[in-house]
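Peer 1: Here you go, one structure.
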Amino acid sequence: MIYPTLPAWLQPHRFTYTPGAVSPERLDDLRTRLAQFRVNDPEVSIIIPAYNEEESILNMLSSLGSQQTRYRTELIISNNNSKDRTQELLDACGVRSLFVTDQGAAFARQAALSAARGKYIVNADSDCLYPPGWVDALVDPLRNQEIACTYTTYSFVPSDINSRAALIVHETAARLMFWVRRLRGYECVNVMGFSSAFRRDDALSVGGFNTSFKRGVDIESDDGWMAMTLLKKGRIQRVTSPAGHVWSSDRLLARDGGVLKAMYKRAMFEVRRIGWYLRPADVEPVSK
1 MIYPTLPAWL
11 QPHRFTYTPG
21 AVSPERLDDL
31 RTRLAQFRVN
41 DPEVSIIIPA
51 YNEEESILNM
61 LSSLGSQQTR
71 YRTELIISNN
81 NSKDRTQELL
91 DACGVRSLFV
101 TDQGAAFARQ
111 AALSAARGKY
121 IVNADSDCLY
131 PPGWVDALVD
141 PLRNQEIACT
151 YTTYSFVPSD
161 INSRAALIVH
171 ETAARLMFWV
181 RRLRGYECVN
191 VMGFSSAFRR
201 DDALSVGGFN
211 TSFKRGVDIE
221 SDDGWMAMTL
231 LKKGRIQRVT
241 SPAGHVWSSD
251 RLLARDGGVL
261 KAMYKRAMFE
271 VRRIGWYLRP
281 ADVEPVSK
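Its first residue numbered 1, the sequence shown is counted upward by one per residue in UniProt numbering.
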């Protein structure tokens with residue numbers, strides 16, 4: 001589904017703030033809404049890596065604070081050596097956090113996975129905004145033991161650099177590649193760490209997140225590798241419901257110089273591995 005405009009639920013979470021001078025009222029509101037994640041016997045654990053996220057983490061937390069889930073849920077954020085006010089903001093919001101010294105998202109996710117108590121693990125990122133039904137959209141399919149991993153669709157929030165119209169072009173091209181990967185049996189590459197889920201015991205039994213891979217969009221990334229290894233436990237399920245549709249920051253696209261340069265960079269990467277897509281997948285079949 002293409003989203004030409006931003007959904008109404010997104011607007012309350014797009015506030016601006018100065019990390020060193022957040023209003024007491026804002027922090028009180030966040031503490032109150034995030035209290036739902038302070039539970040003794042969670043069924044679900046949301047785990048999030050964070051590295052120098054002072055500029056966006058309160059927006060993400062605000063969206064999580066508006067979750068409407070029937071599952072008892074805990075929230076764990078792995079502070080991965082942040083040098084800014086990330087930890088200060090987490091403490092001010094009453095969020096459970098870990099300080100992870102080994103640098104890299106995979107190390108941060110693995111530490112949170114080890115500390116998690118829920119049966120289901122839901123993965124998120126610090127620069128995304130999550131709809132109220134997001135947790136349930138990811139977790140509900142996992143009640144079927146034949147499904148080992150779920151992931152949702154996503155769009156980008158526009159910025160001063162990238163308009164929503166330009167981002168739609170990028171998202172349309174990305175969806176085409178997602179379709180090709182699924183068709184060729186490489187759906188595991190589509191699974192992103194900012195919106196995916198699996199059973200905790202399954203993840204631990206396959207060794208957890210692989211910390212030897214660099215961050216990226218490939219089988220050889222911590223989230224792609226996890227999805228691939230979970231195929232030993234069941235199939236991958238894509239969640240297309242708007243209830244699970246996530247909105248991500250466009251900062252990585254901006255870092256590449258904007259949508260067109262980011263698309264060119266991605267296209268060159270995909271061209272280099274065209275032979276990979278043309279041959280049958282060397283991973284187990286996934287859902288079509």
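Note that the Cβ used here is the ideal one computed from N, Cα and C, for glycine as well. Note that the structure is predicted; figures quoted are calculated from it, not measured.
1. At the level of alpha carbons, what is the spacing between F15 and F194?
2. With a threshold of 8 Å on Cβ separation, who are the neighbours of E146 within its own chain once the five nearest residues in sequence on each side are excluded?
3. Exposed or buried, which one is W134 when buried takes at least 16 other CB atoms within 10 Å?
4. So, at 8 Å on beta carbons, what are the nonlocal neighbours of D218 in its own chain, with the 5 sequence-adjacent residues on each side left out?
5. Quick one: using the 10 Å Cβ neighbour count with 16 as the cut-off for buried, is R215 buried or exposed?
6. Taking the DSSP output, what are the residues bridged to A227?
7. Answer with buried or exposed for V180, where buried requires no fewer than 16 other C-beta atoms within 10 angstroms of its C-beta.
8. Quick one: give me the first and last residue of the beta strand (DSSP E) that R238 is part of.
9. With 16 other CB atoms within 10 Å as the buried threshold, where does N144 fall?
10. Return helix, strand or coil for F194, following the three-state DSSP convention.
11. Kindly list the residues whose CB is nearer than 6 Å to the CB of S97, restricted to its own chain and excluding five residues on each side of it in sequence; keep chain order.
12. Look up A124 in the DSSP assignment and give the residues it is bridged to.
13. Looking at I76 and the ligand ATP, is the gap between the Cβ and the nearest heavy atom below 8 Å?
14. When you compare only the Cα positions, how much space is there between Q11 and A50?
15. For F156, report the span of its beta strand (DSSP E) as first-last.
Peer 2: Result, derived from the coordinates:
1. Working through the sequence shown from its first residue, we reach residue 15 at position 15. Working through the sequence shown from its first residue, we reach residue 194 at position 194. Approximately 21 Å between the Cα atoms of the pair.
2. Here residue 146 is taken as the residue at index 146 of the sequence shown, counted from 1. Only G234, R235 meet the Cβ criterion.
3. The residue labelled residue 134 in the question sits at position 134 within the sequence shown. Its Cβ being crowded by 16 or more others within 10 Å, W134 is buried.
4. By one-based count along the sequence shown, residue 218 stands at place 218. For D218, the predicted structure reports a pLDDT of 43, less than 50, and the residue's modelled location is therefore unreliable. A value from the coordinates is still provided. V189, G224.
5. Within the sequence shown, the letter at position 215 stands for residue 215. Its pLDDT being 49, under 50, R215 is placed unreliably in this model, and the value from its coordinates should be taken loosely. Classification of R215: exposed, given that the 10 Å Cβ count is below 16.
6. Working through the sequence shown from its first residue, we reach residue 227 at position 227. Partner(s): none; A227 has no beta bridge.
7. For the purposes of this step, residue 180 is taken as residue 180 along the sequence shown, with counting starting at 1. Looking at its Cβ environment, which holds fewer than 16 other Cβ atoms inside 10 Å, V180 is exposed.
8. Residue numbering aside, residue 238 sits at position 238 when the sequence shown is read from its first letter. From DSSP, the beta strand (DSSP E) with R238 extends over 235 to 239.
9. Position 144 of the sequence shown, counted from the first residue, corresponds to residue 144. Exposed, because fewer than 16 other Cβ atoms sit within 10 Å of the Cβ of N144.
10. Along the sequence shown, read from residue 1 onward, the residue named residue 194 stands at position 194. Coil.
11. Taking the first residue of the sequence shown as 1, we reach residue 97 at position 97. Excluding sequence neighbours, S97 sits near I77, N79, L90.
12. In the sequence shown, the residue the question calls residue 124 occupies position 124. Answer is S195, bridged to A124.
13. Judged by which ligands are present, the structure shown has none, so any question about the ligand ATP falls away.
14. Reading the sequence shown from its first residue, position 11 is the one you call residue 11. Reading the sequence shown from its first residue, position 50 is the one you call residue 50. So the two alpha carbons sit approximately 23 Å from each other.
15. Along the sequence shown, read from residue 1 onward, the residue named residue 156 stands at position 156. Taken as a continuous stretch (DSSP letters only), the beta strand (DSSP E) holding F156 covers 154 to 156.
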